[in-house]
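Using the working numbering, you'd call the opening residue of the sequence shown number 1 and step up by one each time.
Only one structure is covered here, and it is reproduced in the block below.
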Amino acid sequence: RIEDARDWIIGNIREFREQLTSLVIFAHDKIRQHQGYHRLFDPLAEELKSLGIPALYIHGNGHKFEMVDNEKNSRLLRVQVDRGGIAPPLKVTIHESRLNPVEFDRRLPFESQLRTAPLFLHRTL
């Protein structure tokens with residue numbers, strides 16, 4: 001599965017590279033070393049180096065907020081969100097013209113949670 005995900009992501013990056021200004025990948029779980037972390041993130045980091053765009057891998061299933069830079073590409077950031085129900089939703093803003101382009105807002109009011117937000121499910125960049 002890791003190789004399929006990697007090939008799909010990199011294939012879309014190559015197909016749409018002229019249009020990309022940032023990349024956000026949503027996933028359920030953090031990919032651990034023994035699960036093939038380097039088989040996904042090493043080729044992804046290399047592919048993104050030539051583009052110079054900010055890229056996020058946002059996932060849950062860790063139950064606490066954390067951010068970790070990729071050792072091969074500092075513009076690829078792994079973000080783990082809080083466990084649902086213990087924190088408000090995470091708002092992510094990407095500013096294309098900044099040196100540090102990613103801004104996180106973890107203080108949104110709980111009233112703005114999913115009941116008012118539409119649900120979009122698609123697999124397109």
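Idealized CB from N, CA, C, for every residue including glycine.
- prompt: Taking just the CA atoms, how far does S97 sit from N61?
  reply: Position 61 of the sequence shown, counted from the start, is the residue given in the question as residue 61. Position 97 of the sequence shown, counted from the start, is the residue given in the question as residue 97. Roughly 32 Å between the two C-alpha positions.
message: Using only the alpha-carbon positions, how far apart do N12 and P54 sit?
response: For the purposes of this step, residue 12 is taken as residue 12 along the sequence shown, with counting starting at 1. For the purposes of this step, residue 54 is taken as residue 54 along the sequence shown, with counting starting at 1. Taking the straight line from one Cα to the other gives about 16 Å.
According to DSSP, residues forming a beta bridge with L56: Reading the sequence shown from its first residue, position 56 is the one you call residue 56. According to DSSP, which records beta bridges pairwise, L56 is partnered with V24 and L77.
- request: Apply the 10 Å Cβ neighbour rule to V68 and answer buried if 16 or more other Cβ atoms are within range, or exposed otherwise.
  value: Counted from its first residue, the sequence shown places residue 68 at position 68. V68 is exposed by the Cβ-count criterion.
message: Please report the distance separating the alpha-carbon of R107 from that of K30.
response: Walking along the sequence shown from the start, residue 107 turns up at place 107. Walking along the sequence shown from the start, residue 30 turns up at place 30. Each residue's alpha carbon lies about 23 Å from the other.
task: Given a cut-off of 8 Å, decide if Q80 and H59 are closer than it, judged by their beta-carbon atoms.
output: Start at 1 with the first residue of the sequence shown, and residue 59 comes out as number 59. Start at 1 with the first residue of the sequence shown, and residue 80 comes out as number 80. Contact: yes.
query: Going by alpha carbons, who is nearest to G85 out of K64, F26 and P101?
result: Stepping through the sequence shown from its first residue, residue 85 is reached at position 85. That would be K64, whose Cα lies nearest to the Cα of G85.
task: Starting from the C-beta of V24, find all residues in its chain whose C-beta is less than 6 Å away, skip the five residues before and the five after it, and write them out in chain order.
output: Looking up residue 24 in the sequence shown gives position 24. Excluding residues within five positions, the ones whose Cβ falls inside 6 Å are L56.
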